[in-house]
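Trainee: In the UniProt record's numbering, the protein residues as written are 1 to 951. Note that CB positions come from ideal geometry on N, CA and C, so glycine has one too. Source: prediction; values computed, not measured. My structure is below; once you've seen it, I'll send some questions.
Here you go:
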């Protein structure tokens with residue numbers, strides 16, 4: 001039985017139960033300035049008392065070893081000073097003069113020697129005996145010696161330690177290429193963000209984690225376990241830097257003695273004090289007492305960031321993901337070392353948004369920090385251009401996954417083909433391989449498994465693989481029809497051009513366009529020619545066999561009636577089709593006004609001319625007839641026949657050799673603006689040099705206009721460019737300003753009528769979401785740009801591919817592919833997709849053997865919808881979402897939030913759908929008595945009708 005320690009001669013002893021050896025509790029200081037005689041007397045008394053105590057204790061244990069044994073145990077062996085350093089173990093400091101005296105004592109071999117060192121007294125190593133701070137500048141071998149933990153405890157057991165004096169324990173740290181005892185730990189100054197002037201000193205080993213620093217600060221400042229905190233360090237220049245990764249050591253974090261470490265505590269509204277700009281302090285104070293429904297919080301539009309707001313609102317209303325962040329489970333899984341991740345910054349920025357939105361203290365928040373982080377790691381989202389909400393959602397899910405990946409070091413996994421093995425075996429292997437490299441809350445929540453089947457068209461080889469997916473991008477059933485607007489120009493000059501709206505096959509030809517127009521006009525398709533008019537000239541004259549896909553919706557397409565006997569470039573026909581341009585002669589800006597320019601105006605024509613009338617005079621009268629609707633003939637008083645000798649009717653226009661159609665030979669205009677169309681009134685400068693021509697202008701002095709051959713771009717005489725004289729000529733009608741003003745009616749020339757078909761709207765029947773999923777799982781043939789390498793044929797093949805759903809995730813994201821992109825066109829499909837709010841059943845689509853006893857594993861309920869209103873170039877994104885706590889649906893339009901009913905959710909704007917599996921919904925429901933059950937959806941004010949039904 002242990003007895004109270006009792007002092008003797010400056011030493012303090014305690015006898016252990018059943019043990020005669022002396023255990024030193026805590027010796028009192030022995031004066032070092034006494035006489036040797038007194039010192040020997042004290043040592044003799046100690047020895048006598050030790051012997052007496054030993055005799056009184058039965059049974060006896062091992063006595064204090066001999067001096068030689070002590071020397072061997074302390075100096076050599078596994079526990080001695082000579083052992084190598086090992087990272088993380090403890091070593092102790094002993095003042096050098098005591099250790100040297102002990103060495104002399106044990107080497108002398110005389111226990112009664114006057115060299116007995118007494119108890120260990122490290123007073124010379126401390127600056128003071130209050131805080132017990134180690135003196136600065138101590139040198140090993142001169143001021144102290146280092147002993148491993150076992151040797152230290154031996155000496156304390158044998159000789160004792162000065163009463164009240166703490167042992168000087170230090171850790172072995174592993175520095176780059178060397179291990180050493182950390183004699184001087186890092187002393188950090190801990191402070192709170194709210195009071196950075198008041199600091200508290202704490203010592204940490206360089207091998208301690210930053211998390212220990214955080215826990216020490218929380219204990220020092222009495223922070224409750226429910227409060228969330230983070231650390232900052234203050235640099236020498238006064239700037240602050242976040243200590244994001246608390247799992248690294250003090251050494252890796254580059255923390256130094258004297259550095260100020262600031263602990264910041266998250267506000268109740270989910271914000272951090274350091275993230276609040278001074279300018280909004282007043283607004284914060286006003287909202288300080290606001291208490292709303294958690295999750296019902298808008299997001300400010302920073303400038304074309306509605307796409308980001310919509311994606312964030314959808315993701316924020318995924319219950320299990322939001323709970324993961326609200327309960328801080330993400331803090332333990334932040335992956336700062338993943339080379340594929342964003343160093344945890346995207347996950348932290350998203351967590352901040354979630355905590356603010358679900359604090360209930362905000363009507364709306366400004367996602368500026370999150371937007372900056374996204375732009376930093378994904379340059380395509382830099383700036384304030386409009387983007388796709390699904391593209392941002394894809395980036396965000398991938399970024400969150402990599403930032404929260406529990407796999408710190410990804411191993412190499414070889415993908416294996418099925419090779420005839422059962423599907424379940426191959427699928428399980430594929431999923432396990434996926435989880436070996438990817439394991440996060442995103443995988444747990446959103447990842448499912450495809451079965452992909454490829455069949456070689458040559459050898460019939462079948463390749464089966466199972467691939468993970470994060471969302472389904474399902475196609476919409478696309479109409480094979482296309483609506484095109486054209487202008488029909490009749491040969492009858494009395495008829496105005498007619499605007500028609502035609503329904504043609506999407507993959508049709510120009511001939512199909514003519515056939516469709518023939519049904520409206522009764523005109524034979526063989527008497528039609530199709531041209532693209534741009535800037536008062538023919539940009540392209542189409543051949544009947546060309547594809548309609550080359551015509552864009554914004555092009556101005558004119559269809560001209562020509563005689564049944566005429567065709568461009570066919571010498572066997574009796575008539576020739578001449579492209580006709582209209583030009584006006586205008587004075588150029590020259591000092592003598594003798595330099596003239598020509599301006600194109602009006603709409604060009606395609607005119608059929610009999611071959612036997614290819615003379616200038618005959619052509620003049622033919623064109624005068626074709627223009628008679630808006631060109632007034634001069635009266636007999638104005639007409640001056642002039643000299644008939646000037647006409648030379650026998651000088652005919654050269655016969656055409658080949659087609660005039662096709663793209664302009666000169667560098668034509670870019671399609672950057674509207675063509676002249678039926679409303680064209682602008683004039684394009686075409687020529688500022690009339691130049692002589694070997695085609696003389698055969699015109700009377702009183703003729704309304706003159707005729708001249710020009711190139712296909714309407715900009716110059718053909719001879720200027722040395723064009724092929726056998727090519728189809730283009731004719732320009734050149735007007736003098738006075739004659740044009742007097743005889744040309746511009747208003748009548750621009751007039752047109754609308755055919756009844758213009759009011760026709762191609763009705764698009766709504767489709768069911770299940771039809772889109774069926775279309776997704778149908779067999780398709782790979783495109784030429786993406787062939788498959790067949791291992792049997794040893795070459796790339798356009799194999800058939802079929803995707804099937806094998807395993808579905810807890811939360812299923814369905815992306816409706818509304819935006820269609822082809823080589824020639826881009827369009828948005830505004831088809832109404834009918835999707836269920838509840839009980840979306842996937843049992844007919846999942847090919848994995850099903851558990852019939854758990855049908856809820858295949859049924860899903862809608863929880864959020866990302867909407868897109870508008871077209872390709874301009875649009876607006878909003879969100880419908882169901883609050884996980886109240887069960888109420890809300891409409892999120894940037895910073896505006898309003899309740900809605902379920903019958904308002906389905907619209908043509910639905911773009912991305914979020915569905916939650918029913919078994920997960922039941923698992924997440926609060927237990928009875930723990931909280932109020934979710935309320936049933938209630939009616940509320942509808943969203944702004946401006947966005948609710950744009951159709």
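Among the residues of its own chain, which have a CB less than 8 Å from the CB of residue 548, if the five just before and after it don't count?
Mentor: 482, 484, 504, 505, 506, 507, 508, 509, 510, 512, 513
Trainee: What's the call for residue 372, buried or exposed, on a 16-neighbour Cβ count within 10 Å?
Mentor: exposed
Trainee: Spell out a yes or no on whether the stretch 146 to 154 and the stretch 79 to 87 are touching, meaning 3 or more CB-CB pairs, one atom from each, closer than 8 Å.
Mentor: yes
Trainee: Anyone know if the C-beta pair for residue 389 and residue 311 falls short of 8 Å?
Mentor: Yes, they are a contact pair.
Trainee: Taking the alpha-carbon of residue 494 as reference, which of 836, 480, 628, 152 has the nearest alpha-carbon?
Mentor: 628
Trainee: Among residues of its own chain, excluding the 5 on either side of residue 296, which ones have a beta-carbon nearer than 7 Å to its beta-carbon?
Mentor: These residues qualify, in order along the chain: 883, 890, 897.
Trainee: Closer than 8 Å by C-beta to residue 924: which residues in its own chain qualify, once you throw out the five before and the five after it? Chain order, please.
Mentor: 319, 320, 323, 884
Trainee: Assuming contact is defined by CB atoms lying nearer than 8 Å, are residue 144 and residue 120 in contact in what I supplied?
Mentor: Contact: no.
Trainee: At the level of alpha carbons, what is the spacing between residue 257 and residue 224?
Mentor: 28 Å
Trainee: Out of 811, 816, 525, point me to the one whose CA is closest to residue 771's CA.
Mentor: 816
Trainee: What residue does the beta strand (DSSP E) around residue 165 start on, and which one ends it?
Mentor: First-last for residue 165: undefined, no H or E at that position.
Trainee: Considering residue 918, what are the terminal residues of the alpha helix (DSSP H) in which it resides?
Mentor: 918 to 924
Trainee: Would you mind sorting residue 459 into buried or exposed? The rule is 16 or more other CB atoms within 10 Å of its CB.
Mentor: exposed
Trainee: With 16 other CB atoms within 10 Å as the buried threshold, where does residue 200 fall?
Mentor: exposed
Trainee: Just to confirm, is the Cβ distance from residue 450 to residue 803 under 8 Å?
Mentor: yes
Trainee: Only counting runs of 4 or more residues, tell me where the alpha helix (DSSP H) segments fall wholly within the stretch 164 to 244, in order along the chain.
Mentor: 210 to 220
Trainee: Nearest to residue 524 by CA position, among 341, 192, 497, 490, is which residue?
Mentor: 490
Trainee: Span of the alpha helix (DSSP H) holding residue 796?
Mentor: Taken as a continuous stretch (DSSP letters only), residue 796 belongs to no alpha helix (DSSP H), being part of the beta strand (DSSP E) at 795 to 797.
Trainee: What are the boundary residues of the beta strand (DSSP E) that includes residue 867?
Mentor: 859 to 870
Trainee: Measure the CB-CB distance between residue 913 and residue 847 and report whether it falls below 8 Å.
Mentor: no
Trainee: Just to confirm, is the Cβ distance from residue 753 to residue 730 under 8 Å?
Mentor: no
Trainee: Within 10 angstroms of its Cβ, does residue 843 collect 16 or more other Cβ (buried), or is it exposed?
Mentor: exposed
Trainee: So is residue 685 buried or exposed if we call it buried at 16+ other beta carbons inside 10 Å?
Mentor: Only weak support exists for where residue 685 lies, its pLDDT of 36 falling under 50; the value from the coordinates is given anyway. Residue 685 should be labelled exposed.
Trainee: For residue 385, does the count of other Cβ atoms within 10 angstroms reach 16, so buried, or fall short, so exposed?
Mentor: exposed
Trainee: Who are the Cβ neighbours of residue 539 in its own chain at under 6 Å, not counting the five residues just before and after it?
Mentor: 532
Trainee: Going by CA-CA distance only, name the one from 349, 812, 870 that's closest to residue 915.
Mentor: 812
Trainee: Helix, strand or coil for residue 299? Go by DSSP, reduced to three states.
Mentor: strand
Trainee: Our contact map puts residue 536 next to residue 602 with C-beta atoms below 8 Å; I'd like the distance itself, whole angstroms only.
Mentor: 6 Å
Trainee: Run the CB neighbour count on residue 522, radius 10 Å, all protein chains shown included, and call it buried at 16 or more, exposed below.
Mentor: Exposed: under 16 other Cβ atoms inside 10 Å.
Trainee: Could you tell me if residue 266 is buried or exposed, where buried requires 16 or more neighbouring beta carbons within 10 angstroms of its beta carbon?
Mentor: buried
Trainee: I'd like the list of long-range same chain contacts for residue 787, defined as Cβ closer than 8 Å, with 5 residues on each side in sequence excluded.
Mentor: 796, 797, 798, 799
Trainee: Short check: CB of residue 187 to CB of residue 171, under 8 Å?
Mentor: no
Trainee: For my contact list, residue 961 and residue 486 are in at a C-beta cut-off of 8 Å; report their separation, rounded to the angstrom.
Mentor: The chain is shown from 1 up to 951; residue 961 falls before or after that span and cannot be answered.
Trainee: On the CB-based measure, 16 or more other CB atoms within 10 Å of its CB, does residue 306 come out buried or exposed?
Mentor: buried
Trainee: Quick check: what's the CA-CA separation for residue 328 versus residue 73?
Mentor: 51 Å
Trainee: Hey, residue 209 and residue 247 are a contact pair by Cβ (cut 8 Å); roughly how many whole angstroms apart?
Mentor: 6 Å
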